[in-house]
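A.B. asks: In terms of the working numbering, the sequence shown opens at residue 231 and continues consecutively.
In this text, a Cβ means the ideal position worked out from N, Cα and C, and glycines have one as well.
Because the structure is a prediction, the values reported are computed rather than measured.
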Amino acid sequence: MHPVWPGSRGIPANLPARLGGRHGGALPRCPPHSYDPAFSPDGAWLAFAARDKDGQTDIWVLPANPAEGSNPTPQRLTNLGMARSPTFSPDGKRLAFLAIPPHQGGFDLWVAEVSADERGWPVAETPRQVTHEMYLDADSGLSWSP
C-alpha cells in the first residue's frame, strides 16, 4: 500500500496493488485524520490510527475489502487516548501498537490479544503495557520477529 495525493483536492488515499501488477481492489473509506494502516495477516482487516471528534487517537479496524456499495463503520480496538502504529502478529492473534500512557510523556509498546466478536470482527482484550517510559518513535512503526 502506498499513500498518494490525487488531483487538486490534495486528499491522501491508500491504493493497494498486487505484486503481479493487478489492482488490489477498493479499500474501505477511513475517517479523516487516519494514518498508520496495517493489514491483518489474512488480509481481511485494516487496522489504523485515527483521531476522533474529541481529539483522542486510538486504533480502529475496518474490513479490508468491504462489499460493493457498503460503508462499514470503523470499530475502536483501543481506548488509551493516544495510540499509533498498529501491527498484527503473524498469526493475527495479537496486536502491537505504541501508546502514550496517561500522565506520561512518550510512546511505549503495548500488546493486546485479538479475538472475534459475534459478527466476526476483531476485538482487542485489555492491552498490556510492555515497555515503560521508553519514549519510542511512533513514526518508525513496529514489526514482529519470530
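Can you tell which of R259, P261, A280, G371 has its C-alpha closest to the C-alpha of A326?
C.D. replies: Measuring from the Cα of A326, the nearest candidate turns out to be G371.
A.B. asks: Taking DSSP as the reference, what is the three-state secondary structure of D369?
C.D. replies: helix
A.B. asks: Does the Cβ of T303 have 16 or more other Cβ atoms within 10 Å, making it buried, or fewer, making it exposed?
C.D. replies: exposed
A.B. asks: Could you check how far apart the C-beta atoms of W374 and T317 are, in whole angstroms? I think they sit under 8 Å.
C.D. replies: 7 Å
A.B. asks: My understanding is that L307 touches A354, with C-beta atoms under 8 Å, so please give their C-beta distance in whole angstroms.
C.D. replies: 4 Å
A.B. asks: Between which two residues does the beta strand (DSSP E) carrying A289 extend?
C.D. replies: In the sequence as presented, Ala is not what sits at residue 289; that position holds Ile. From DSSP, the beta strand (DSSP E) with I289 extends over 287-293.
A.B. asks: With 16 as the cutoff for other CB atoms within 10 Å, does D288 come out buried or exposed?
C.D. replies: Taking a 10 Å sphere around the C-beta of D288, we find 16 or more other C-beta atoms and assign the residue as buried.
A.B. asks: List the DSSP bridge partners of Q359.
C.D. replies: According to DSSP, which records beta bridges pairwise, Q359 is partnered with W340.
A.B. asks: Mind checking whether P331 and D338 have CB atoms under 8 Å apart?
C.D. replies: yes
A.B. asks: If we count the other Cβ atoms within 10 Å of its Cβ and call it buried at 16 or more, is S264 buried or exposed?
C.D. replies: Buried is the call here.
A.B. asks: So P210 and A342 are in contact, right, with Cβ under 8 Å, and what is the actual spacing, rounded?
C.D. replies: With the chain running from 231 to 376 in the structure shown, residue 210 is simply not present.
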